[in-house]
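Residue numbers (my numbering), protein chains in the order written: chain Z, 1 to 665; chain B, 666 to 792. Just so you know, even glycine gets a beta-carbon here, dropped at the ideal spot from N, CA and C. Since the structure is predicted, the reported quantities are computational estimates derived from the model, not experimental observations.
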């Protein structure tokens, strides 16, 4: 699996395998063809050759033997043999036989003349003369000789004289054998092997060809034993060369495929690398160099073209997106400008003007529908009836308008304009309502003061009478006090209204804070003395704390805070502290009074909220002091907060004012 | 006995000032508006005018302007308009002082007394 995957992933290996398959298949086909189809044919063909050869050998052999037989018969007919009647050794015959034998020269044939008594009377070999020799009937082979015998008969009376015998050495037969390596030549019968070639018999496999011999060698067979190697020698040699060729072919294939894949793969690798680089770096100015002229070159060209087109398209997109971004910025800008308008007509006019610079459409505004143009309604929301109300139309040339997207764009522009017009309307409404409220409060305050003037004036006038009894004086004093309380309440309301309407007058001047605090302390100390409270004033800084602020307003706040401290403290002390912290001066007024619950701390700055205390009547006040103080301090650019550890732990009022005020101018 | 003219459209206010100042030993005359005050000035010798500002027919601002141009008489403005602008405007037009309504008895008496005293001093120096 691993190898298959490896091959699958590599073009080089794929091509190599393909080439090898193409190269090896013919080899196997040829091999198969020879081994399984052609082998028998070849064998037959080869055997035929050998069969022919063996037949030839046989005939030659046979001829020779026949010739010898006839020679013997011919000799026996000679009248010379009549001399053998005497049974003496006959030198004449021996001489003739000797000559005859010499005539056969290398064949070394021995002729013997045997008489009736089986004694050799004459022979070509003189050593044999006089010896006895028995002839077995039908015996053909004697002492490694082939024996040819014929009876000798007297020419005159056909008397049997004896036998003429020719001894033909078997080794002569070897001259008829085909002397070839890997071929064994044997003449044998079932019992005896006459001759055989020298080749060792132990060699591999043999194929045998036989033929039966006749005449002198009846009963014997001529056998060819041919080594299979010899037979298939051709095939083996052919396959050997084929294998060599195959090896060479494989080498060639590997070399060519390597070279070829290099040609194919290199451009592809280059292409892949370039593509990867482009993906990683986003550089679309890269291109693939091609050194070939084949299809890979076309691929490279196409790739380069693609990159070029992509780069162009990207550029185009970039430009377009920039353009859109610019348009978006312009529009945002326009909306920013529109939101600053305070008048409906100005808003419309500015919108049209800005829109015409952003989008070169001939855009206009109309209260009524314009025919043959695109009209985009500006609808306002009526908050009283909760219904939509038509304000007018954005009119655009129909020619320059056929896009759905554009329609949505103008719709949103229209709704933006509508929002601003609504806003303008709402602001105007709120402003007029606020103005009405402020003028109402200030008028009311004025109208309320006038009768109060009389009440206070008369009651104070009455108090100056010495003839009043205690009860009368007390009653009139109560009237006066109530009137004064009412007055302070009206004053506070008026102040708050003024601050809220932004109509407070702030007169900045350099104030020595320590002196101001002393002044306030002196003002409030009679009230404290009455309850037996001690007021201490301390400062941790030796510097003169001179700041720029409105003395009257700051004093009002300080008095309010101090009187609160006194009001809500039964026993103990009230500490006034002044310190500097970076660019701020911090005044803290700490009392040991009833304190405020932590969750109620935030409420004390709400108007008309006086926290419900154990004894309401004890703490007279308008409930407007702290809200007013907070508003004043805010108007002066400072901060005011209350801290308390809870009920019964006193209150710490912290007033923070900008120190730098005195250096501003 | 010094003559003090109280100009106010509210009878109650005329009354309360009259009572307070009578008790201090001044003769108090009253007028209902600015025009009325100018008429009174022609009929009587007036030592001090206490002038309300918001009045019908002729308001205090106009009356102060006219009177201070034509007569030598100190004017104290008494107004329910409690703001710096009004105070400054009134002083600029010719009033010598400005008291905010509702006033405290002591404050009124103190102002009246001190102005009567200074005019007496200056007039004695002049004579």
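Cα-Cα separation, residue i to residue j
| i | j | result |
| --- | --- | --- |
| residue 342 of chain Z | residue 604 of chain Z | 37 angstroms |
| residue 445 of chain Z | residue 789 of chain B | 43 angstroms |
| residue 564 of chain Z | residue 529 of chain Z | 15 angstroms |
| residue 187 of chain Z | residue 221 of chain Z | 5 angstroms |
| residue 321 of chain Z | residue 328 of chain Z | 10 angstroms |
| residue 393 of chain Z | residue 430 of chain Z | 27 angstroms |
| residue 461 of chain Z | residue 764 of chain B | 17 angstroms |
| residue 157 of chain Z | residue 185 of chain Z | 47 angstroms |
| residue 778 of chain B | residue 690 of chain B | 11 angstroms |
| residue 669 of chain Z | residue 63 of chain Z | In the structure as shown, chain Z begins at 1 and stops at 665. Residue 669 of chain Z is therefore absent and cannot be evaluated. |
| residue 310 of chain Z | residue 404 of chain Z | 28 angstroms |
| residue 726 of chain B | residue 714 of chain B | 13 angstroms |
| residue 697 of chain B | residue 772 of chain B | 23 angstroms |
| residue 243 of chain Z | residue 33 of chain Z | 15 angstroms |
| residue 424 of chain Z | residue 449 of chain Z | 37 angstroms |
| residue 284 of chain Z | residue 22 of chain Z | 43 angstroms |
| residue 644 of chain Z | residue 702 of chain B | 58 angstroms |
| residue 453 of chain Z | residue 599 of chain Z | 41 angstroms |
| residue 15 of chain Z | residue 281 of chain Z | 33 angstroms |
| residue 114 of chain Z | residue 43 of chain Z | 51 angstroms |
| residue 636 of chain Z | residue 499 of chain Z | 11 angstroms |
| residue 239 of chain Z | residue 183 of chain Z | 23 angstroms |
| residue 615 of chain Z | residue 337 of chain Z | The predicted position of residue 615 of chain Z is uncertain, since its pLDDT is 43 and thus under 50; a value taken from the coordinates is nonetheless stated next. Each residue's alpha carbon lies about 57 angstroms from the other. |
DSSP three-state assignment for residue i, whether helix, strand or coil
| i | result |
| --- | --- |
| residue 221 of chain Z | strand |
| residue 774 of chain B | helix |
| residue 693 of chain B | strand |
| residue 23 of chain Z | helix |
| residue 727 of chain B | helix |
| residue 719 of chain B | coil |
| residue 373 of chain Z | strand |
| residue 168 of chain Z | strand |
| residue 177 of chain Z | coil |
| residue 704 of chain Z | For chain Z, the structure presents residues 1 to 665; residue 704 of chain Z sits outside this window and is missing. |
| residue 308 of chain Z | helix |
| residue 764 of chain B | strand |
| residue 446 of chain Z | helix |
| residue 438 of chain Z | helix |
| residue 591 of chain Z | strand |
Proximity test, Cβ basis, 7 angstroms: residue i and chain D
| i | result |
| --- | --- |
| residue 485 of chain Z | As a matter of chain content, chain D is missing from the structure shown, whose protein chains are Z and B. |
Boundaries of the beta strand (DSSP E) in which residue i is found, first to last residue
| i | result |
| --- | --- |
| residue 508 of chain Z | 508–512 |
| residue 89 of chain Z | No beta strand (DSSP E) contains residue 89 of chain Z, which DSSP labels as neither H nor E. |
Opening and closing residue of the alpha helix (DSSP H) in which residue i lies
| i | result |
| --- | --- |
| residue 471 of chain Z | 470–500 |
| residue 50 of chain Z | 39–76 |
| residue 206 of chain Z | Note, residue 206 of chain Z: premise wrong, no alpha helix (DSSP H); beta strand (DSSP E) at 206–212. |
| residue 699 of chain B | 699–708 |
| residue 679 of chain Z | In the structure as shown, chain Z begins at 1 and stops at 665. Residue 679 of chain Z is therefore absent and cannot be evaluated. |
| residue 248 of chain Z | 233–281 |
Nearest to residue i (by Cα), restricted to the options the options
| i | options | result |
| --- | --- | --- |
| residue 61 of chain Z | Z:580, Z:33 and Z:213 | Z:213 |
| residue 768 of chain B | B:746, B:756, B:712 and B:696 | B:746 |
| residue 427 of chain Z | Z:369, Z:398 and Z:339 | Z:339 |
| residue 547 of chain Z | Z:102, Z:84 and Z:579 | Z:579 |
| residue 571 of chain Z | Z:229, Z:554, Z:424 and Z:591 | Z:591 |
| residue 557 of chain Z | Z:595, Z:99 and Z:492 | Z:492 |
| residue 667 of chain B | B:710, B:751 and B:719 | B:710 |
| residue 18 of chain Z | Z:488, Z:89 and Z:261 | Z:261 |
| residue 596 of chain Z | Z:627, Z:652 and Z:635 | Z:652 |
| residue 719 of chain B | B:786, B:739 and B:674 | B:674 |
| residue 307 of chain Z | Z:11, Z:271, Z:296 and Z:531 | Z:271 |
Cross-chain neighbours of residue i in chain B, by beta carbon under 7 angstroms
| i | result |
| --- | --- |
| residue 458 of chain Z | 681 |
| residue 635 of chain Z | Chain B residues near residue 635 of chain Z: none, gap ~15 angstroms exceeds 7 angstroms. |
Listed by chain order, chain Z residues near residue i by CB distance under 7 angstroms
| i | result |
| --- | --- |
| residue 684 of chain B | 461 |
| residue 745 of chain B | 446, 449 and 450 |
| residue 698 of chain B | Ordered by position in chain Z, no residue passes the 7 angstroms Cβ test against residue 698 of chain B, which lies about 15 angstroms from the chain. |
| residue 730 of chain B | Correct list: empty, because the minimum Cβ distance to chain Z is about 22 angstroms. |
9 angstroms Cβ cut-off: residues of chain B touching residue i
| i | result |
| --- | --- |
| residue 505 of chain Z | 748, 749 and 750 |
| residue 464 of chain Z | 685, 688 and 770 |
| residue 497 of chain Z | Correct list: empty, because the minimum Cβ distance to chain B is about 12 angstroms. |
Per-residue contacts from residue i into chain B (C-beta, under 8 angstroms)
| i | result |
| --- | --- |
| residue 349 of chain Z | Simply none; closest approach about 37 angstroms. |
Under 8 angstroms by beta carbon: chain Z residues contacting residue i
| i | result |
| --- | --- |
| residue 726 of chain B | Ordered by position in chain Z, no residue passes the 8 angstroms Cβ test against residue 726 of chain B, which lies about 15 angstroms from the chain. |
| residue 670 of chain B | The contacting residues do not exist; residue 670 of chain B stays about 17 angstroms from chain Z at best. |
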